[in-house]
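This report refers to the structure that appears directly beneath it.
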Amino acid sequence: LRGYRVSQSKAQIALSEVQYLGFHIRQGERQLSNKRKEAICQVPIPSKRLRAFLGMAGFCRIWIPEFGLWAKPLYKCVKGAEHDPFHRSPEADRAFQLLGAWKRPTEKQEHGCLEIIDVQYSSRPDLKDQPLPNADLEWYTDGSSTVVDGQRRAGYAVVSLHDTVEAESLPAGTSAQLAELVALTRALELAKDKRVNIFTDSKYAFGVLHAYAGLWKQREMLTAQGSPVKHGSQILRLLEAVQLPSAVAVVHCKVHQREDQDVTKGNARADKEAKRAATLKSPTEENAQMHALIPSVGELAAPQYSQEDRNLADSLGLQEKEGWLYSTEGKILLPKGLIQPVL
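When you read off a place in the sequence shown, starting at 1, and then add 560, the result is the number in the working numbering.
Below you can see the structure in the form of structure tokens.
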């Protein structure tokens, strides 16, 4: 005889729900029994699968905060040879459940990368490159550096459309780039607590303030090659000055344009005043100060800088270190009383 043999003790007849091979079966439904669930939960995690899981999760570790700390118990479980006994701990279970349920980074954009970059590396988060509406002040800046009778003379100017706000000479030898930085810095300092639009035709000064200064400050004023940033002390002063206005826009304008517009007129006026300021006596000429590279300052008496010395240091963007005023190139400003002993 061939057929099926039915066990009377196991038969489930005329019931709305039966148990079969670990499942609860009813009309249109099938569920795992509690015993089957318990058995599955007690099955240890295969070490090969766990290694594969850690590999996939580790690939995304840069998007998972503190991944190394969370995954540490799991790495302990797979430590050793492939055939070593697999030991599972409660800490490993918690880590597996946490990392296994982690959302993919593509599911939701939690931030805008460009916005984060602006906040991290901008000189000021609300700094604008287009004019502010209803500004209290609208100024134009320029720096000038030219050689006259074999000597480089420099100056800067901050002007409005009809008035000269400030125009002064700079120490002999000042470069055009440094003069532009000084002009922009002074405009920001003079606009403290005001809403101001500042126009400059210097791509260098505009780029330093908008793109590079914040990054250089985070690098401690070093370039990507590890060398000191040129005019570093003046750039640090610029970063401090840009925080002073209540609202500020630094706008780049084209140089030497012929259009009959306010920006063109203001820029031309700033250029004219900066060139005039460069012809005035520089602070170095008026105060008979000088720069010198000093091999060692350990044998010299502590310097006593006068107010004139410090005013000159401010115009040059020097920084004080151990009582001496240093330039970014390592030069030391000598007080008048030390010029003769050193030389």
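All residues carry an ideal CB built from backbone N, CA and C; glycine is no exception.
- Query: From residue 564 to residue 587, what does the alpha carbon distance come to, in whole angstroms?
  - Reply: 24 Å
- Note the first and the last residue of the continuous alpha helix (DSSP H) segment covering residue 764. 763 to 767
- Query: Where does the unbroken beta strand (DSSP E) through residue 754 begin, and where does it stop?
  - Reply: Unbroken run through residue 754: none, as it is neither H nor E.
- Does DSSP put residue 579 in a helix, in a strand, or in coil? strand
- Message: Can you tell me whether residue 563 is helix, strand or coil according to DSSP?
- Response: coil
- In angstroms, rounded to a whole number, what distance separates the CA positions of residue 573 and residue 657? 41 Å
- Residue interval of the beta strand (DSSP E) (run including residue 623): Unbroken run through residue 623: none, as it is neither H nor E.
- In terms of alpha-carbon separation, which member of 885, 895, 887 lies closest to residue 866? 895
- Residues bridged to residue 730 by DSSP? 714
- Message: Measuring straight from C-alpha to C-alpha, what distance separates residue 782 and residue 792?
- Response: 9 Å
- Message: If the criterion is Cβ atoms closer than 8 Å, does the pair residue 826 and residue 725 meet it?
- Response: no
- Identify whether residue 788 lies in helix, strand or coil by the three-state DSSP scheme. strand
- Pair within 8 Å by beta-carbon distance, residue 703 and residue 727: no
- Message: Can you list, in chain order, the residues of its chain with a C-beta nearer than 6 Å to that of residue 761? Leave out the 5 residues immediately preceding and following it.
- Response: 813, 815, 827
- Item | Residues near residue 578 by beta carbon distance below 6 Å, same chain, minus five either side | 572, 585
- Task: Would you mind reading off the limits of the beta strand (DSSP E) that contains residue 783?
- Result: Run containing residue 783: none; DSSP gives neither H nor E here.
- Item | DSSP-derived helix/strand/coil call for residue 607 | helix
- With a threshold of 7 Å, establish whether the CB of residue 835 neighbours any heavy atom of the ligand MG. Within the structure as shown, the ligand MG is missing, as the structure has no ligands at all.
- Message: Please report the straight-line C-alpha distance between residue 874 and residue 731, rounded to a whole angstrom.
- Response: 11 Å
- With a Cβ-Cβ cutoff of 8 Å, do residue 750 and residue 798 count as a contact? no
- Would you please state the rounded distance, in angstroms, between the beta carbons of residue 729 and residue 840? I believe it to be under 8 Å. 4 Å
- residue 808 bridges to which residues according to DSSP? 756
- Go ahead and pull the three-state DSSP assignment for residue 724. strand
- Sorted by chain position, which residues of the same chain lie with C-beta nearer than 7 Å to residue 696's C-beta, five sequence neighbours on each side aside? 754, 755, 756
- Message: Let's test the definition: count the other Cβ atoms within 10 Å of the Cβ of residue 768 and tell me whether it reaches 16, buried, or not, exposed.
- Response: buried
- Could you tell me how far apart the beta carbons of residue 904 and residue 717 are, in whole angstroms, since I believe they sit closer than 8 Å? Absent from the structure is residue 904, since the part of the chain shown begins at 561 and ends at 903.
- Query: So the alpha helix (DSSP H) residue 824 belongs to, where does it begin and stop?
  - Reply: 822 to 838
- Determine the extent of the alpha helix (DSSP H) in which residue 775 is found, giving its start and end residues. 773 to 778
- Item | Where residue 886 falls: helix, strand or coil (DSSP) | strand
- Message: Just verifying my parser: in three-state terms, what is the DSSP assignment at residue 904?
- Response: In the structure as shown, the chain begins at 561 and stops at 903. Residue 904 is therefore absent and cannot be evaluated.
- Under 8 Å between C-beta atoms of residue 612 and residue 634: no
- Buried or exposed: residue 701, going by 16 or more other Cβ atoms within 10 Å of its Cβ? buried
- Between the CA atoms of residue 741 and residue 811 - distance to the nearest angstrom: 14 Å
- Proximity below 8 Å, CB of residue 809 to CB of residue 692: yes
- Task: From the DSSP output, in three-state form, read off residue 590 for me.
- Result: strand
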